[in-house]
Amino acid sequence: MPHRDPPQLPHEAVHLFHDDQTGLRAVVAIHSTALGPAIGGCRVQRYASESDATHDALRLSEAMTYKNSLTGLPFGGGKAVIMLPEDGVPDRAALFEAFGRCVQSLGGRFITAEDAGSGVADMQSAARATRFVAGLPQQASGLGGDPSPWTASGVFQAMCAAVTARGGWLDGAVVGVQGLGNVGMALAGLLHGAGAKLLVSDVDEARVADAVTRFDAERVAPDKIVTAPMDIFAPCALGGAIDAVTVNRLQARIVCGGANNQLAHPSLGAELARRGIFYAPDYLVNAGGIIAVCAEYQSGDVGAVEAAVAEIGPRLVEVMRDADLHGGTPGEVADRRARQLVAEGWSRRRAA
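Now the structure itself:
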């Protein structure tokens with residue numbers, strides 16, 4: 466019997482915030498609260514326009530809904546983006562405190578944490594104005610602080626599962642890591658420990674030099690990494706690494722990385738499948754960080770986080786088998802499962 470896909474999910478709310486005193490310009494997109502309050506990080510970067518920032522928040526918040534639902538977290542999906550001015554931020558702490566006031570004004574419908582461009586100190590500043598924040602300094606439980614190592618661990622375990630499912634192994638495999646931020650560098654360390662041969666790329670030459678020294682990695686120019694000869698491509702920078710051009714030039718047979726929205730458009734997943742390239746849905750494999758953030762927010766424990774992150778690989782294998790059995794790409798299968806979980810969440814709320 467063919468699958469009947471749940472309908473596409475519209476966003477519940479988009480909030481635009483401006484604070485003239487601090488220069489804050491932010492967008493908070495709430496995609497879904499069907500499973501609980503929306504939770505998602507705060508991305509900080511320069512955008513060409515408010516429209517571009519809003520588009521980014523919309524895509525990222527939707528991915529958070531799918532990520533949280535597939536992982537079994539009692540939270541919905543949301544995302545915040547802060548638009549950096551060209552001349553920089555004179556008082557970053559004041560900016561994030563103003564952002565915290567914005568989050569507080571939403572009354573708990575959105576919980577924020579760190580993301581690309583923001584860190585623990587920023588969340589501390591936001592926490593002066595709101596209690597709806599995670600990613601704070603590490604607690605006695607071992608949770609809190611930078612969740613990137615958890616993200617990297619989940620991606621690594623998913624990559625191991627994907628390679629094994631395709632009859633291969635990481636030892637000796639050539640893996641290209643695009644982006645050596647906190648997640649990318651941690652993933653590179655795990656891959657090096659597993660015997661993989663690393664190609665690395667980042668716009669920050671110091672990070673590249675560090676990876677070359679620590680992991681015996683090979684340096685690749687940022688504009689060459691996507692199409693370099695390799696077995697596995699691990700996008701760990703900003704989104705859109707695979708677009709209408711690179712999708713036809715990619716040489717890797719597996720795509721599995723820590724970045725969000727790795728496909729410039731969802732339809733590119735079908736093109737990768739047509740070429741025999743396995744794409745591991747990004748929001749499925751990079752869920753380790755949000756698992757840790759949610760556990761921190763709920764005063765959980767490290768053991769539960771470890772157990773939940775360990776389920777990422779098997780969950781990916783289930784999606785692979787579902788795609789093989791019923792047709793469709795792994796991304797389509799994961800989307801379908803996530804939308805179904807959200808629909809069930811709304812049904813439970815209506816029945817309550």
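When we follow the numbering used here, the leftmost residue of the sequence shown carries the number 466, and every step to the right adds one.
Idealized CB from N, CA, C, for every residue including glycine.
Note that the coordinates shown come from a computational prediction; the quantities given were computed from them, not determined experimentally.
Element boundaries [alpha helix (DSSP H), containing residue i]
i, result
"residue 781", "777 to 791"
"residue 755", "753 to 762"
"residue 810", "795 to 816"
"residue 619", "613 to 630"
Whole-angstrom C-beta distance between residue j and residue i, which should lie under 8 Å
i, j, result
"residue 650", "residue 721", "Between residue 721 and residue 650 the Cβ distance is about 17 Å, and since that is not below 8 Å, they are no contact."
"residue 652", "residue 581", "Wrong, their Cβ atoms sit about 15 Å apart, outside the cutoff."
"residue 528", "residue 748", "5 Å"
"residue 544", "residue 516", "That pair is no contact at about 16 Å."
"residue 480", "residue 571", "7 Å"
"residue 510", "residue 549", "6 Å"
"residue 644", "residue 724", "7 Å"
"residue 709", "residue 729", "7 Å"
"residue 754", "residue 613", "6 Å"
"residue 597", "residue 619", "The pair is not a contact, with the Cβ atoms about 24 Å apart (cut-off 8 Å)."
"residue 585", "residue 641", "Not quite, the Cβ-Cβ distance comes to about 29 Å (not below 8 Å), so this is no contact."
DSSP state of residue i mapped onto helix, strand, coil
i, result
"residue 480", "strand"
"residue 730", "coil"
"residue 597", "coil"
"residue 687", "coil"
"residue 749", "helix"
"residue 768", "helix"
"residue 773", "helix"
"residue 492", "strand"
"residue 739", "helix"
"residue 710", "coil"
"residue 470", "Because the pLDDT of residue 470 is 41, which lies under 50, any placement of that residue in the model is unreliable, and the question is left without a value."
"residue 717", "coil"
"residue 503", "strand"
"residue 694", "coil"
"residue 485", "coil"
Host beta strand (DSSP E) of residue i (start-end)
i, result
"residue 575", "575 to 579"
"residue 700", "697 to 700"
"residue 644", "No beta strand (DSSP E) contains residue 644, which DSSP labels as neither H nor E."
Exposure of residue i, with buried meaning 16 or more beta-carbon neighbours within 10 Å
i, result
"residue 496", "buried"
"residue 761", "buried"
"residue 605", "exposed"
"residue 472", "The predicted model places residue 472 with a pLDDT of 44, which falls under 50 and marks its position as unreliable; any figure quoted below should be read in that light. Exposed, by the Cβ-count rule."
"residue 812", "exposed"
"residue 514", "exposed"
"residue 751", "buried"
"residue 590", "buried"
"residue 732", "exposed"
"residue 608", "buried"
"residue 539", "exposed"
"residue 795", "buried"
"residue 822", "Given that the chain is displayed from residue 466 to residue 817, the structure contains no residue 822 and the question cannot be resolved."
"residue 797", "buried"
"residue 634", "exposed"
"residue 666", "buried"
"residue 555", "exposed"
"residue 772", "exposed"
"residue 780", "buried"
"residue 831", "Here the chain covers residues 466 to 817 and nothing more, so residue 831 does not appear."
"residue 819", "The chain is shown from 466 up to 817; residue 819 falls before or after that span and cannot be answered."
"residue 706", "buried"
"residue 469", "Caution is warranted here: a pLDDT of 38 is assigned to residue 469, below 50, making its placement in the model unreliable, and no coordinate value can be reported."
"residue 803", "buried"
"residue 694", "exposed"
"residue 467", "Residue placement at residue 467 is poorly supported in this model, since its pLDDT is 34, which falls under 50; the coordinates still yield a value, given next. With fewer than 16 Cβ atoms within 10 Å of its Cβ, residue 467 is classed as exposed."
"residue 764", "exposed"
"residue 789", "exposed"
"residue 849", "Lying before the first or after the last residue shown, residue 849 is absent from the chain, which here runs from 466 to 817."
"residue 475", "exposed"
"residue 662", "buried"
"residue 688", "exposed"
Kindly provide the ranges of any alpha helix (DSSP H) runs that are 4 or more residues long and lie completely inside the region 646 to 684, ordered along the chain.
647 to 658, 670 to 680
Worksheet item: Could you give the uninterrupted runs of the beta strand (DSSP E) lying entirely in the region 510 to 589, keeping only those of 3 residues or more?
Response: 541 to 548, 575 to 579
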